[in-house]
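Q: First, the structure itself, so that you have it in front of you.
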Amino acid sequence: MKTIIKTMQVKASQAEGGITRVVASTPDVGRYGDIVGANWDLKHFTDNPVIVWGHDYQTPPVGRAESVRLEGDKLVADIRWDDSPANDLGRLVKSQFERGFLNTVSVGFQPGAAVRRSDLPDDHPDYGTKGYVYGSKSAPNMLHEISAV
């Protein structure tokens, strides 16, 4: 299966200890009509929880997720930025999140299942004329990465 990228327009908040808390995904209808279910397989991501810039896998990470978890139907991550002297981009991204110039993250994931919303019964809560529903209880989405964008 291919990797899908979903961008969340969310407000990041500053938590204690220099951590930035973000909502990385919700099961709300996205701009293309897709719904990413709140069923996640986090094992792949938690083995190497790096935060990258703009889905660029060639550039070293700008941070790491100190934790990633489901809070209700929201995928939440606590990010510690790499603001070391060796990481100019990490310091810049951290500063821009702290000052409100950036406030969005995006997830790259492998869908566990994909159902066309228009194929669902008309009375189904996820029915729609466009887009897909990704993930299910029996086939969760596999989180690959979280990007600052």
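Note that numbering that gives the first Met the number 0 has the sequence shown beginning at 0, numbered continuously upward. The beta-carbon is built from N, C-alpha and C at its ideal position, and this holds for glycine as well.
1. Quickly, what does DSSP pair alanine 74 with across the bridge? List them, please.
2. Thinking just about the alpha-carbon of each residue, which of Lys136, His43, Gln95 and Glu70 is nearest to the one in tryptophan 80?
3. Which residue marks the beginning of the alpha helix (DSSP H) containing arginine 90, and which one marks its end?
4. Taking only the alpha-carbon atoms, compute the straight-line gap between isoleucine 50 and glycine 32 and give it to the nearest angstrom.
5. Is it true that the CB of glycine 107 sits closer than 9 Å to the CB of histidine 54?
6. Report yes if the C-beta distance between glycine 158 and alanine 138 is below 9 Å; otherwise report no.
7. For alanine 23, which of Val61, Glu70, Pro59 and Tyr131 has the nearest alpha-carbon?
8. DSSP state of aspartate 40, grouped into three classes?
9. Which value, in whole angstroms, describes the spacing of the CA atoms of threonine 58 and alanine 113?
10. Whole-angstrom Cβ separation of aspartate 77 and arginine 115, contact assumed at under 8 Å?
A: In brief:
1. Inspection of the sequence shows that residue 74 is occupied by leucine rather than by alanine. In the DSSP assignment, leucine 74 is bridged to Ser24 and Leu69.
2. Gln95
3. 87-97
4. 26 Å
5. yes
6. Nothing in the structure corresponds to residue 158, since the chain is present only between 0 and 148.
7. Glu70
8. strand
9. 31 Å
10. Incorrect: roughly 35 Å between the Cβ atoms, too far for contact.
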